[in-house]
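In UniProt numbering, the protein residues as written are 1 to 231. Every residue gets a Cβ at the ideal spot worked out from N, C-alpha and C, and that includes glycine.
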């Protein structure tokens, strides 16, 4: 019952790989967007804010289809990437990472933005008054103080990426060993006679990973807060 098959391990390890790559690539962009939304007022801010959170309200299949139109082999961007740089996303694990990164981006940005908004601007102003350049103020003051939110956002984004299904299967299909993540494997097993037991094993694994990620997020955020406050 609880013995994982080689195919199960392949799907689990691929999911972890895809989620880790998606989170690591999305985090720098997420920090930049969160800072922009938290610290700057500009024309089109409401539109950018809506665009960031759009994947949360769109059907995942729609997001996957838009990714296919954009980054597919014959897509607007995908064709240029393939012909110029030899980079192909469609039906590759890298495409799964891209889809997971897009779907998890709102959950990554939100805690970081709230954390940056909570940073006392007087501290940033004091650093500027002492001659620190804006980039140095950000790296030495804003970023360390926002660390709990960054950690929480990264872990939430990772957990979301682990469970992503709709956008991934639409964009990169369900290819065993290449794009078949835990969610896609569960879907395939539920369509297979006598696949319920194997599907249940992967369901338990996915729940365990999600719970571990959420618990880790809370623990790491608390530790980061304690270090910042010196206790």
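Can you give the Cα-Cα distance for residue i and residue j, rounded to whole angstroms?
i: residue 118; j: residue 85; result: 41 Å
i: residue 193; j: residue 206; result: 22 Å
i: residue 166; j: residue 202; result: 17 Å
i: residue 56; j: residue 80; result: 28 Å
i: residue 175; j: residue 184; result: 9 Å
i: residue 48; j: residue 125; result: 26 Å
i: residue 12; j: residue 122; result: 46 Å
i: residue 59; j: residue 66; result: 11 Å
i: residue 137; j: residue 32; result: 14 Å
i: residue 111; j: residue 149; result: 5 Å
i: residue 212; j: residue 139; result: 30 Å
i: residue 8; j: residue 129; result: 57 Å
i: residue 221; j: residue 208; result: 20 Å
i: residue 189; j: residue 200; result: 9 Å
i: residue 41; j: residue 226; result: 32 Å
i: residue 187; j: residue 218; result: 30 Å
i: residue 75; j: residue 10; result: 29 Å
i: residue 272; j: residue 61; result: Nothing in the structure corresponds to residue 272, since the chain is present only between 1 and 231.
i: residue 131; j: residue 43; result: 29 Å
i: residue 3; j: residue 191; result: 21 Å
How many whole angstroms separate the CB atoms of residue i and residue j, which I take to be in contact at a CB cut-off of 8 Å?
i: residue 92; j: residue 178; result: 7 Å
i: residue 156; j: residue 114; result: Not quite, the Cβ-Cβ distance comes to about 12 Å (not below 8 Å), so this is no contact.
i: residue 181; j: residue 68; result: Not a contact, Cβ separation roughly 17 Å.
i: residue 50; j: residue 116; result: At roughly 19 Å, the Cβ-Cβ gap does not stay under 8 Å, so residue 50 and residue 116 are not in contact.
i: residue 141; j: residue 161; result: In fact, because the Cβ distance is near 30 Å, the residues do not count as touching under 8 Å.
i: residue 54; j: residue 45; result: Incorrect: roughly 15 Å between the Cβ atoms, too far for contact.
Identify the continuous alpha helix (DSSP H) that holds residue i and give its terminal residues.
i: residue 44; result: Unbroken run through residue 44: none, as it is neither H nor E.
i: residue 123; result: 121-129
i: residue 114; result: 93-118
i: residue 74; result: Note, residue 74: premise wrong, no alpha helix (DSSP H); not H, not E.
i: residue 155; result: 147-163
i: residue 172; result: 166-172
i: residue 232; result: This structure leaves residue 232 out entirely; the chain is present only between 1 and 231.
i: residue 137; result: 134-137
If we call anything under 8 Å between Cβ atoms a contact, is residue i one with residue j?
i: residue 100; j: residue 18; result: yes
i: residue 172; j: residue 90; result: yes
i: residue 105; j: residue 30; result: yes
i: residue 133; j: residue 214; result: no
i: residue 154; j: residue 23; result: yes
i: residue 198; j: residue 15; result: no
So, for residue i: in the same chain, excluding its five sequence neighbours on each side, which residues have a beta-carbon less than 7 Å away from its beta-carbon?
i: residue 163; result: 183, 206, 210
i: residue 216; result: 155
Leaving aside the five residues before and after residue i along the sequence, list all residues of the same chain whose C-beta is less than 8 Å from its C-beta, in chain order.
i: residue 64; result: 99, 166, 167, 168, 169, 170, 171
i: residue 71; result: 77, 78, 81, 89, 90, 95, 98, 171
i: residue 73; result: 79, 82, 88, 90
i: residue 27; result: 108, 150, 153, 154, 157
i: residue 52; result: 33, 37, 105, 106, 109
i: residue 143; result: 31, 150
i: residue 25; result: 97, 101
Excluding the 5 residues flanking residue i on each side, which residues of the same chain have their C-beta closer than 6 Å to its C-beta?
i: residue 135; result: none
Between residue i and chain B, is any beta-carbon pair separated by less than 8 Å?
i: residue 130; result: Absence of chain B from the displayed structure is noted, only one protein chain being present.
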